[in-house]
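Position one of the sequence shown corresponds to residue 100 (this note's numbering), numbered consecutively onward.
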Amino acid sequence: MKASRLAAVGTVAATAVLALSAPAFAHVSVQPEGAAAKGGYAVVNFKVPNERDNASTTQVEVNLPADHPLASVMPQPLDGWTVKVTKSKLDKPVTAHGEKIGEAVTKVTWTAAGKGIEPGFFQKFPLSIGALPEDTDELVFKAVQTYSDKEVVRWIEPQKEGAEEPENPAPVLALSAATEEGHHGSAVAEDASDTEKTAKDTTEAASSSDGGDTTARVLGVVGIAVGLAGVAYGVLAGRRRTTA
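Right under this line is the structure:
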């Protein structure tokens with residue numbers, strides 16, 4: 100009897116340990132490299148894990164938010180993958196750097212040229228995006244993951260406030276507060292100012308160095324002249340003593 104109870108307790112404990120140690124449910128997510136400040140530009144990585152044991156991920160599609168279109172979207176070349184950027188006309192044109200833009204990138208699709216993301220691995224898909232909107236705290240992307248066995252997983256479900264995480268949540272990029280450095284143009288101007296200051300300091304240092312070198316050369320010439328004069332005087336004095 101006691102042995103049966105001990106066995107039952109052991110089984111329950113083992114089940115609890117396995118439940119607690121089980122890995123968290125992985126899904127497609129997006130994270131910035133550094134900060135993603137409102138009004139600025141950022142490089143973001145879409146992290147795509149392979150959740151299957153018998154198939155590879157062969158295609159990843161990321162749909163950009165239609166309610167906050169981005170004027171600039173540039174993918175980074177990725178070994179083993181081809182990339183297609185899809186542009187569409189905007190219902191409402193956006194203004195960027197004083198120019199109205201009537202179309203923007205609405206979708207980026209990566210297709211594996213080889214094996215893709217094999218079981219037990221993940222892949223990051225980087226994008227440079229901007230200018231980030233200033234009237235929202237986050238951007239919601241919708242991602243579609245296709246496996247080699249033709250299975251399609253749609254990571255498109257929004258996270259509702261106060262509710263549990265959905266089964267297939269859409270990737271969400273949190274935006275930080277706007278900063279002067281974060282705005283495109285302010286950082287450029289600051290860099291230009293720093294470059295100008297560095298050039299000025301270098302010029303002044305060079306001028307100071309040239310002035311010091313010139314002074315040294317003048318003193319050297321004077322020293323040589325004085326030395327030669329002393330030698331000449333000594334020779335003449337010797338001749339006079341010999342003549343006397």
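Beta carbons are placed, not taken as given, at the ideal position from N, Cα and C, and that holds for glycine.
| Item | Value |
| --- | --- |
| Indicate the three-state DSSP secondary structure (helix, strand or coil) for E217 in the structure shown. | coil |
| Given that a residue counts as buried once 16 or more other Cβ atoms are within 10 Å of its Cβ, and exposed if not, what is E260? | exposed |
| Measure the CB-CB distance between K146 and Q222 and report whether it falls below 9 angstroms. | yes |
| Quick check: the region 175–185 against the region 229–244, are at least 3 beta-carbon pairs closer than 8 angstroms? | no |
| Spatial neighbours of Q258 within its chain, please: CB distance less than 8 angstroms, with the 5 preceding and 5 following residues excluded, ordered by chain position. | E264, P265, P268, A269, V271 |
| On a Cα-Cα basis, can you pick out the residue from A276, D166, T278, A212 that is closest to V193? | D166 |
| Just the Cα atoms here: how many angstroms apart are P164 and A211? | 24 angstroms |
| At which residues does the beta strand (DSSP E) containing F145 begin and terminate? | 141–148 |
| Mind checking who G138 pairs with in its DSSP beta bridge? | DSSP output for G138 lists no bridge partner at all. |
| For Q244, count neighbouring Cβ atoms within 10 angstroms of its own Cβ and tell me buried if that reaches 16, exposed if not. | buried |
| My output table needs one value for E289: the three-state DSSP class, helix, strand or coil. | Confidence in E289 is poor, its pLDDT being 39 and thus under 50, which makes the residue's placement unreliable; the coordinate value appears in the next sentence. Helix, per DSSP. |
| Drop a sphere of 10 angstroms on the beta-carbon of P218, count the other beta-carbons inside from all chains shown, and report buried for 16 or more, exposed for fewer. | exposed |
| Can you tell me whether V287 is buried or exposed? The criterion is at least 16 other CB atoms within 10 Å of its CB, across all chains shown. | Bear in mind that the predicted position of V287 carries a pLDDT of just 38, short of 50, making it too unreliable to give a figure here. |
| Quick check on the burial criterion: 16 or more other C-beta atoms within 10 angstroms. Buried or exposed for N153? | exposed |
| Output needed for W209: all residues of its chain with C-beta closer than 6 angstroms, excluding positions within five of it in sequence on either side, in chain order. | V159, W180, V182, F224 |
| So, helix, strand or coil for R151, using DSSP? | coil |
| Among V161, T205, L169, G213, which one has its Cα closest to the Cα of I255? | V161 |
| Taking the alpha-carbon of T157 as reference, which of L274, Y246, V252, N149 has the nearest alpha-carbon? | Y246 |
| CA-CA distance, Q175 and A262? | 35 angstroms |
| Using 8 angstroms for Cβ pairs, my map puts A135 next to S275. What's the rounded Cβ distance? | 6 angstroms |
| Report the three-state DSSP secondary structure of K199 (helix, strand or coil). | strand |
| Reducing DSSP to helix, strand and coil, say where T181 ends up. | strand |
| Please list the terminal residues of the continuous beta strand (DSSP E) segment that includes L272. | 271–273 |
| With 16 as the cutoff for other CB atoms within 10 Å, does V251 come out buried or exposed? | exposed |
| Given a cut-off of 9 angstroms, decide if N144 and L238 are closer than it, judged by their beta-carbon atoms. | no |
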